[in-house]
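Worksheet: the structure to be examined is printed underneath.
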């Protein structure tokens, strides 16, 4: 299984084969041989999906679905789906970074010793708690054993 970073790199590499400006699938619709190239892209995306990190499943599934419906969709609809895929890609990467950050924090909290850097902030002033009349009454009730 690939890491998410390797999966995203493979995904970007596959989409970089589209010869249109900004590797746009919407602009590819106008070109000759577009269906052949889309079928190749779909095949490569499916192969990547088999080795991909589970976090990227939705991104790859949406991309494969777009390739499958390429012939039916208009250029405008394809462009809309491409924008969704770009935002989904960014969301997937940010989710992965958040998970990595959490796991780093989790591992850091499991260290068996403390650094001592924050001991002065953790010290509390030991003040004697002053009790009111209700507190004194409850103490006498506790002493009786009730």
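Residue numbers (the numbering used here): 25 to 170. C-beta atoms are modelled at their ideal positions from N, C-alpha and C, and glycine is treated no differently.
Taking the Cβ atoms as the reference, residue 77 lies roughly 7 Å from residue 25, within the contact range of under 8 Å. In the structure shown, residue 55 adopts coil according to DSSP, grouped into three states. At the C-beta level, residue 116 and residue 82 come within 9 Å of one another.
A contact between stretches requires three or more CB pairs, one per stretch, nearer than 8 Å, and the region 99-106 meets this requirement with the region 41-51. Residue 41 sits close to residue 61, with the two beta carbons spaced by under 9 Å. Bounds of the alpha helix (DSSP H) holding residue 126 are 99-133.
By the Cβ neighbour-count rule, residue 94 is buried, with 16 or more other Cβ atoms within 10 Å of its own. Of all C-beta pairs linking the region 26-36 to the region 63-75, three or more are shorter than 8 Å, placing the two stretches in contact.
Linking residue 97 to residue 80 through their CA atoms gives a straight-line distance of about 24 Å. In the displayed model, residue 45 falls within a helix according to three-state DSSP. In this structure, the CA atom of residue 119 is about 10 Å from the CA atom of residue 125. Around residue 39, the same chain offers 47 as residues with beta carbons nearer than 7 Å, after the five sequence neighbours per side are excluded.
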